[in-house]
Ligand code: HAM
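Numbering (full-length UniProt numbering), first residue to last: 1 to 426.
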């Protein structure tokens, strides 16, 4: 049998890749407008980074990591998310010591999770994410949310619901943690073995369990918002007032806990409302992680960020019929007839491309009619036709494929002519 693609992965072929490029370019431009800079970190890291960063009791670390030992007996993992690697790099490269703080970074690249594949849930997926490190100002929380909403808006996705919550600081969480233990303990036998293990280690994770989500004790669980201390609740109020100031609508959902352990204070998700999503409704997730830098060996530094997958964003665009027309079109296709003209066309093509014009020609010795068809298929704006007769007279026939008008021009003016026409059309 032929070798097939691994489960939960996909090929992105020409014809589909243009939408990916469009999304990545749009997202990068928005990030740069908000003064975020790109960072690229390795696709694999030491496994311990994710155990410590994402958290030992999370589904991601317990069940979903692609972990392997390399030939030097190192324990490595394909990154399941981007934040831990970015924070490791921030610490390792002492970015906290640079003059401009906060350090505002964005990244994109493949992430890997061994999940049960379904629409919008892949084993290899591409995240686009942002991390702002070094500021505990609630205005940064609003900035990060404004940034992600702007990316979605500029790509044309509508009907998004922003859901926010606060997970509080460590004092608030300790109080909430005890309340959760007291709540679940008498009936913990009803829960799955993972949740039983989580009860004492990390009861907040129980709220995120996929298996036990319909247990009535989930709905009646104590809400973190009732356990926020003064400072945490003030912080949350400030975040909300900044969101109000920039007129970003949101809903508060006290059950939003997120699937990674590093969060405190602000946590948020962007949900898609409407058709075309199936079971997947979360497009983007993020939040504040003020203890993560320190836990990875850096100085105490607050941080906040988000990530979304491009796969789910494309699902949103498709579900809402908003996939933009971003097909690659040619500026000029050269059609030739005769041996001498063919030789000349290689030279002309070189000149056109050197001038920045997107041009191509036939390489299969096709008949003239078939060459015209190829020009049509490639949506060439102009076709330049050269036969040995034209060549002998130093001329070339140029056809505007949209209007159908034809012009005969001097051969050495072709590049200039196409350049001018294209600029005029823009
Ligand atoms: P996360 O919620 O695990 O957070 O993932 C963020 C986003 O990645 C999800 O909302 C979804 O769009 C996408 N995603 C996750 N798993 C899959 C999958 N199997 N297939 C397709 N898309 C998926 C994080 O990863 C955090 N690092 C976000 C963050 C950044 N928090 C602070 N900074």
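Each residue gets a CB set at the ideal place from its N, CA and C atoms; glycine is no exception.
Below 8 angstroms on the Cβ atoms is my contact criterion, and I expect residue i with residue j to pass it. Report the Cβ-Cβ distance as a whole number of Å.
i: residue 264; j: residue 167; result: 5 angstroms
i: residue 70; j: residue 76; result: 6 angstroms
i: residue 269; j: residue 282; result: 5 angstroms
i: residue 19; j: residue 314; result: 6 angstroms
i: residue 81; j: residue 54; result: 7 angstroms
i: residue 250; j: residue 157; result: Residue 250 to residue 157, Cβ: 16 angstroms. No contact.
i: residue 7; j: residue 110; result: With 8 angstroms as the limit, residue 7 and residue 110 do not qualify as a contact, their Cβ atoms being about 16 angstroms apart.
i: residue 114; j: residue 66; result: 6 angstroms
i: residue 391; j: residue 341; result: 5 angstroms
i: residue 58; j: residue 259; result: 6 angstroms
i: residue 301; j: residue 141; result: So it is not a contact: roughly 15 angstroms between Cβ atoms.
Kindly indicate the opening and closing residues of the beta strand (DSSP E) around residue i.
i: residue 396; result: 395 to 400
i: residue 107; result: 103 to 112
i: residue 163; result: 160 to 166
i: residue 56; result: Segment: none, residue 56 is in no beta strand (DSSP E) and carries neither H nor E.
i: residue 360; result: 359 to 361
i: residue 21; result: Run containing residue 21: none in the beta strand (DSSP E); it sits in the alpha helix (DSSP H), 17 to 33.
i: residue 288; result: 282 to 288
i: residue 270; result: 264 to 272
i: residue 45; result: 44 to 46
i: residue 207; result: Run containing residue 207: none; DSSP gives neither H nor E here.
Is there at least one non-hydrogen atom of the ligand HAM closer than 7 angstroms to the beta-carbon of residue i?
i: residue 109; result: no
i: residue 284; result: yes
i: residue 260; result: yes
i: residue 116; result: no
i: residue 339; result: no
i: residue 40; result: no
i: residue 79; result: no
i: residue 103; result: no
i: residue 311; result: yes
i: residue 122; result: yes
i: residue 83; result: yes
i: residue 52; result: no
i: residue 363; result: no
i: residue 291; result: no
i: residue 306; result: yes
i: residue 45; result: no
i: residue 7; result: no
i: residue 150; result: no
i: residue 197; result: no
i: residue 298; result: no
i: residue 37; result: no
i: residue 125; result: yes
i: residue 131; result: yes
i: residue 177; result: no
i: residue 205; result: no
i: residue 88; result: no
i: residue 287; result: yes
i: residue 113; result: yes
Comparing C-alpha positions only, which one of the options sits nearest to residue i?
i: residue 319; options: 273, 169 and 65; result: 273
i: residue 405; options: 296, 381 and 423; result: 381
i: residue 323; options: 21, 4 and 131; result: 21
i: residue 184; options: 170, 165 and 206; result: 206
i: residue 293; options: 423, 218 and 90; result: 90
i: residue 352; options: 374, 249, 232 and 414; result: 414
i: residue 387; options: 344, 4, 362 and 378; result: 344
i: residue 83; options: 367, 261 and 403; result: 261
i: residue 136; options: 41, 176, 37 and 290; result: 290
i: residue 148; options: 138, 8 and 162; result: 162
i: residue 407; options: 127, 424 and 383; result: 383
i: residue 107; options: 130, 98, 231 and 171; result: 130
i: residue 224; options: 127, 175, 12 and 17; result: 175
i: residue 134; options: 376, 102 and 395; result: 102
i: residue 15; options: 328, 385 and 400; result: 328
i: residue 440; options: 226, 45, 152 and 361; result: The first residue shown for the chain is 1 and the last is 426, placing residue 440 beyond what the model contains.
i: residue 177; options: 214, 227, 371 and 74; result: 227
i: residue 26; options: 155, 85, 356 and 422; result: 155
i: residue 145; options: 170, 31 and 418; result: 31
Need the endpoints of the alpha helix (DSSP H) that residue i sits in, please.
i: residue 408; result: Not the alpha helix (DSSP H): residue 408 falls in the beta strand (DSSP E), residues 406 to 410.
i: residue 87; result: 83 to 92
i: residue 61; result: 59 to 63
i: residue 241; result: 230 to 245
i: residue 368; result: 368 to 377
i: residue 152; result: 138 to 155
i: residue 179; result: 170 to 184
i: residue 345; result: 339 to 354
i: residue 315; result: 310 to 319
i: residue 218; result: 216 to 219
i: residue 130; result: Per DSSP, residue 130 belongs to no alpha helix (DSSP H); it is in the beta strand (DSSP E), 124 to 133.
i: residue 391; result: 388 to 392
i: residue 292; result: 292 to 295
i: residue 78; result: No alpha helix (DSSP H) contains residue 78, which is instead part of the beta strand (DSSP E) from 75 to 78.
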